[in-house]
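Everything on this sheet refers to the single structure shown next.
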């Protein structure tokens with residue numbers, strides 16, 4: 007999985023449309039191999055981003071859990087700790 011795509015389910019406050027779209031954009035970039043598509047591919051690229059964002063929003067709205075909501079700050083701290091182990095501490 008692309009490391010830039012972040013988990014979006016079960017956060018407090020809930021995920022925003024911008025966060026869903028950003029994850030969808032990263033997914034389409036990964037699948038297509040384009041960071042920025044050519045003019046000829048731009049319409050298909052943007053359509054894919056919007057369709058994936060819509061499907062993702064429906065998925066997130068339909069999921070259920072009994073787990074307590076995650077904190078963005080705690081998840082960011084965990085990610086920072088994982089990166090420190092993986093890449094070494096940076097000052």
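Numbering (my numbering), first residue to last: 7 to 97. A virtual CB, placed ideally from N, CA and C, is assigned to each residue, including glycine.
Buried or exposed by the 16-neighbour rule on C-beta atoms within 10 Å, applied to residue i
i: residue 31; result: buried
i: residue 44; result: exposed
Pick from the options that is closest to residue i, judged by C-alpha positions
i: residue 53; options: 81, 64, 27 and 71; result: 27
i: residue 75; options: 11, 47 and 16; result: 16
i: residue 24; options: 79, 47 and 59; result: 59
Proximity test, Cβ basis, 8 Å: residue i and chain B
i: residue 67; result: The displayed structure is made up of one protein chain only, and chain B is not part of it.
Whether residue i touches residue j by CB criterion (8 Å)
i: residue 5; j: residue 55; result: The question about residue 5 has no answer here: the residues shown for the chain are numbered 7 through 97.
i: residue 12; j: residue 29; result: yes
i: residue 21; j: residue 66; result: yes
i: residue 62; j: residue 18; result: no
Helix, strand or coil at residue i [DSSP, three-state]
i: residue 17; result: strand
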